[in-house]
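Heads up, the sequence shown is in numbering that gives the first Met the number 0, so the first residue is 0 and it goes up one at a time. Every residue, glycine too, gets a C-beta built ideally from N, C-alpha and C. Computed from a predicted structure; not experimentally measured.
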Amino acid sequence: MNLLSFFYDKYLHIASAEENPIKVYEAADYVGWYLSTKGSWQKAYKYYELVYKLRPDSARAVSNYCNALFNVHRYDEAIAYCNEAIELDSDHPWSYYILSKTYERKGSPIPISRCLSTKRYESKVLSLPFIFIASFRLENSG
0 MNLLSFFYDK YLHIASAEEN PIKVYEAADY VGWYLSTKGS WQKAYKYYEL
50 VYKLRPDSAR AVSNYCNALF NVHRYDEAIA YCNEAIELDS DHPWSYYILS
100 KTYERKGSPI PISRCLSTKR YESKVLSLPF IFIASFRLEN SG
């Protein structure tokens, strides 16, 4: 753990989410992100769960939580939270990506084009080349 993550983690043990929800959210989000970059998803999961509890109205917080669920192999929950993130913001690309990866991991891939079929989302497609790569892989696999 780097020094900043260490201090954020210590802060989270003494801080009150009721008194400082924004600071606790930011600290938990950072520690979760840092741990996820190191592949420590079991540890990152608890921080992303806290982030979700503090900001269940944020598509970013919800999609990071569903990403953590995906990486700790809780696929059915990941699907539910990806759909929740998409409900909050239908233009949030990470939610669609994690949703498609989760279905793929479960062995029942859905065409990513189904995720992209909404009018609101079509305008974002050209700026998301990784979605097309995932789409090609999913639609042409197996």
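Helix, strand or coil at residue i [DSSP, three-state]
i: K118; result: Low confidence applies to K118: its pLDDT is 45, below 50, so where it sits in the model is not reliable, and the reading given next is rough at best. The answer is helix: DSSP assigns K118 an H, G or I state.
i: D8; result: helix
i: D88; result: coil
i: S94; result: helix
i: E17; result: coil
i: S99; result: helix
i: R73; result: coil
i: F129; result: Interpretation of F129 is limited by its pLDDT of 46, a score under 50 that renders its predicted location unreliable; no figure is taken from the coordinates.
Extent of the continuous alpha helix (DSSP H) to which residue i belongs
i: K42; result: W40 to L53
i: N63; result: A58 to N70
i: S35; result: P20 to T36
Rounded Cβ spacing between residue i and residue j (contact assumed at less than 8 angstroms)
i: F69; j: T36; result: With 8 angstroms as the limit, F69 and T36 do not qualify as a contact, their Cβ atoms being about 16 angstroms apart.
i: A27; j: L34; result: A27 to L34, Cβ: 11 angstroms. No contact.
I'd like to know if the stretch 72-79 and the stretch 47-55 are in contact, where contact means that at least 3 CB-CB pairs between them fall below 8 angstroms. Because the criterion of three Cβ pairs below 8 angstroms is not met, the stretch 72-79 and the stretch 47-55 do not touch.
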